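There are 2 protein chains.
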Amino acid sequence: MNSVSDNCTKERLLDAAKKVFAEYGFDETTVRAICARAGVNLAAVNYHFGSKDKLYLAVLEEFFRLAADKFPLNADIGQNSSSEDKLRAYIRGFLNRLLGDGDPINEKLGRLLMAELLNPSECFDTIAQRCIHPTYDALYSIVREMLPDTDAAIVHRCAGSIAGQCLLFDYARGVIQRLRPELALEADSIGSVTDFIAEFSLGGIARILAEKRSSCSPPNPSA
Amino acid sequence: MNSVSDNCTKERLLDAAKKVFAEYGFDETTVRAICARAGVNLAAVNYHFGSKDKLYLAVLEEFFRLAADKFPLNADIGQNSSSEDKLRAYIRGFLNRLLGDGDPINEKLGRLLMAELLNPSECFDTIAQRCIHPTYDALYSIVREMLPDTDAAIVHRCAGSIAGQCLLFDYARGVIQRLRPELALEADSIGSVTDFIAEFSLGGIARILAEKRSSCSPPNPSA
DNA sequence: CAGAGATTCAAACAGTGTTTAAATCATGAA
DNA sequence: TTCATGATTTAAACACTGTTTGAATCTCTG
């Protein structure tokens with residue numbers, strides 16, 4: 001039965017797992033370390049969550065749920081906002097979700113979630129579906145507004161380019177930090193990165209749009 | 224001494240490791256499976272390579288070396304080629320390196336290498352340095368030509384946006400394939416993806432350049 | 001209070017990467 | 001040739017992992 005003590009060890013486990021996973025990553029954390037930190041028996045992980053994988057999934061899913069609640073992808077957007085403003089709000093929300101709220105634990109969890117989204121094991125398909133699907137669809141809709149009467153494949157490519165920029169800017173941060181500290185992207189605020197990606201992407205979309213027009217509007221120049 | 228038999232087991236090991244890693248990924252590959260496939264003793268991996276990690280590193284490094292030889296980042300580029308052509312050639316070479324030459328083993332290795340570049344353990348810093356540094360610097364130089372008299376930070380951001388698009392287009396392919404098969408990016412050739420990313424990025428750079436000019440050229444409008 | 005089901009616990013299990021020390025091999029000097 | 005030295009191979013063990021097990025304990029319900 002799920003009464004008080006049940007919730008207690010299950011929650012203690014989830015809480016400890018969040019911290020240990022954030023500190024050591026998935027591979028380097030042991031179930032024994034999590035249980036020791038939570039003060040519960042070793043078998044509790046498999047009893048309450050089924051496996052180390054599923055516990056990890058639960059941690060990432062809770063992180064995503066909280067981040068999605070805290071950072072909507074359409075903040076300050078109304079019915080008559082321009083498509084450009086929608087795109088800016090989307091990028092800001094997206095980066096905020098991944099980069100977190102200042103809590104270093106959440107920042108690390110965001111990175112782990114992204115790693116899992118980029119390279120999901122079958123076990124994580126559910127969370128990937130739940131996280132990627134609605135998030136990507138929202139982006140697609142915004143780009144679609146800017147590119148009416150355009151092949152869906154091209155709209156998907158634009159959306160992919162935008163998502164790629166966001167993901168790399170977050171994900172590569174740790175790598176750049178270690179390999180090329182002189183680049184020092186660390187000092188950039190989310191605001192300035194948001195502005196840059198938005199402007200760069202708007203320029204890209206404009207060029208795609210112009211290219212489309214120039215290659216389509218002249219009716220049969222050869223005939 | 225490194226005579227014939229030495230090279231023989233070491234090479235057999237490297238060859239077997241390449242195939243097993245490509246088929247099962249790093250985590251799901253056991254040293255025992257590699258040794259069985261190579262027909263050598265279990266301890267050979269640690270004797271000849273030091274560890275499973277270092278063997279993996281050797282596999283990825285050889286893959287990168289071969290791919291870099293086969294696909295230069297400045298194919299068909301001469302002294303007086305335009306910056307735009309240089310960027311197109313770079314993107315094409317970059318995608319070719321990662322997507323491979325049609326050999327499914329190399330395609331999988333490209334994905335594994337990218338995963339390692341995006342999320343390198345300390346053990347892989349050397350290969351990351353050797354692969355990322357010159358590759359990124361070449362891209363930076365090209366973008367720098369298009370944005371003279373611009374803050375290095377902005378040039379880096381542009382280069383990062385371009386790299387992000389390339390990485391996501393390759394890396395996400397497997398994910399999209401499984402989660403959103405209806406998107407069917409699979410049918411895209413490297414050529415069309417190259418053209419799209421190049422045009423999108425040229426538009427982005429143009430917009431950054433225009434923004435820069437409009438905010439800099441009017442001398443002291445407030446004074 | 002009794003018992004049935006949920007939960008905890010210590011112990012063991014099967015698998016991993018790695019190490020070890022002896023056995024084997026190859027090579028070059030006497 | 002002989003044989004000693006160093007490189008290589010081998011089977012066995014080691015330390016560690018995630019997971020399972022079956023008994024012990026707890027917690028409620030009838």
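Protein chains in written order, with this note's numbering: chain A, 1 to 223; chain B, 224 to 446. Ideal Cβ positions, reconstructed from N, Cα and C, are used throughout, including at glycine. Predicted model only: the values in this text are computed from it and were never measured.
Item, Value
"Pair within 8 Å by beta-carbon distance, Lys-86 (chain A) and Thr-150 (chain A)", "no"
"Secondary structure, beta strand (DSSP E): runs of 3+ residues fully inside the stretch 315-368 of chain B", "none"
"Where the stretch 355-382 of chain B meets chain A: residues whose CB sits under 9 Å from a CB there", "Ile-355, His-356, Tyr-359, Ala-375, Ala-376, Ile-377, His-379, Arg-380 and Cys-381"
"Within chain B, partners of Ser-201 (chain A) - CB distance below 7 Å", "Gly-427"
"Cβ-based burial, His-356 (chain B) [other Cβ within 10 Å; buried from 16]", "exposed"
"Buried versus exposed call for Ala-298 (chain B) [16 or more other C-beta atoms within 10 Å across all chains shown]", "exposed"
"Beta-carbon proximity of Gly-273 (chain B) to Leu-296 (chain B), cut-off 8 Å", "no"
"Meets three-Cβ-pair contact criterion under 8 Å: the stretch 418-430 of chain B and the stretch 194-209 of chain A", "yes"
"Residues near Ala-128 (chain A) in its chain [Cβ-Cβ closer than 8 Å; skip 5 each side]", "Glu-116, Leu-117 and Pro-120"
"Any non-hydrogen atom of the ligand COA within 7 Å of Ala-75 (chain A) CB", "Ligands displayed in this structure: none; no statement on the ligand COA is therefore possible."
"Amino acids of chain B, ordered along the chain, whose beta-carbon sits closer than 7 Å to that of Thr-211 (chain A)", "Thr is not the amino acid found at residue 211 (chain A); the sequence shown has Glu there. Neighbours of Glu-211 (chain A) on chain B, chain order: Glu-422."
"Whole-angstrom distance between Ala-259 (chain B) and Val-243 (chain B), CA atom to CA atom", "11 Å"
"Min CB distance Leu-236 (chain B) to chain A below 8 Å", "no"
"8 Å Cβ cutoff met for Ala-67 (chain A) and Arg-88 (chain A)", "no"
"Proximity test, Cβ basis, 8 Å: Ser-82 (chain A) and chain B", "no"
"Simplified DSSP assignment, three categories, for Val-40 (chain A)", "coil"
"contact_flag[the stretch 276-288 of chain B, the stretch 329-339 of chain B] where n(CB pairs < 8 Å) is 3 or more", "yes"
"For Lys-10 (chain A), the three-state DSSP class (helix, strand or coil)", "helix"
"Ile-431 (chain B) at chain A interface by Cβ criterion, 8 Å", "yes"
"Straight-line gap, Leu-42 (chain A) to Leu-112 (chain A) (C-alpha atoms, nearest Å)", "24 Å"
"Nonlocal neighbours in the same chain, by C-beta distance under 8 Å from Glu-145 (chain A), ignoring five residues either side", "Ser-83 and Lys-86"
"Range covered by the alpha helix (DSSP H) that runs through Asp-53 (chain A)", "52-70"
"DSSP state of Leu-432 (chain B) mapped onto helix, strand, coil", "helix"
"Lys-18 (chain A), buried or exposed, once every other Cβ within 10 Å from all chains shown has been counted against 16", "buried"
"Alpha-carbon to alpha-carbon, Leu-14 (chain A) and Gly-323 (chain B)", "41 Å"
"Among A:Leu-95, A:Arg-32 and A:Cys-8, nearest to Lys-70 (chain A) - alpha-carbon criterion", "A:Leu-95"
"Gln-165 (chain A) - DSSP class collapsed to helix/strand/coil", "helix"
"Which listed residue (B:Ala-361, B:Gly-427, B:Cys-354 and B:Ala-256) has its alpha carbon closest to that of Ser-384 (chain B)", "B:Gly-427"
"C-beta neighbour in chain B for Asn-96 (chain A), strict 8 Å", "no"
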